[in-house]
């Protein structure tokens, strides 16, 4: 499963709020909701967050193996 827990940590470190993402960068609230729920998002969205936060992919997402 892909988890976006690191995204929220990176945002906090950089002082970027969800409000800033929406108002300044034009991120849709739906994209933020999908990330909060660890749902699938496009590579375009991942790229956009990396550019906004000036970070690498591993700073915003990680793969955690499901225990089945």
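Numbering (our numbering), first residue to last: 259 to 326.
Built from N, CA and C at the ideal position, the CB exists for glycine as well.
- For the set 300, 312, 292 and 304, the Cα lying nearest the Cα of residue 272 is the one of 312.
- Excluding the 5 residues flanking it on each side, residue 263 has same chain C-beta neighbours closer than 8 angstroms at 320, in chain order.
- CA-CA distance, residue 302 to residue 325, rounds to 29 angstroms.
- Excluding sequence positions up to five before and after residue 260, its CB lies within less than 7 angstroms of the CB of 296, 319 and 321, all in the same chain and listed in chain order.
- In the DSSP secondary-structure assignment, residue 261 is bridged to 320.
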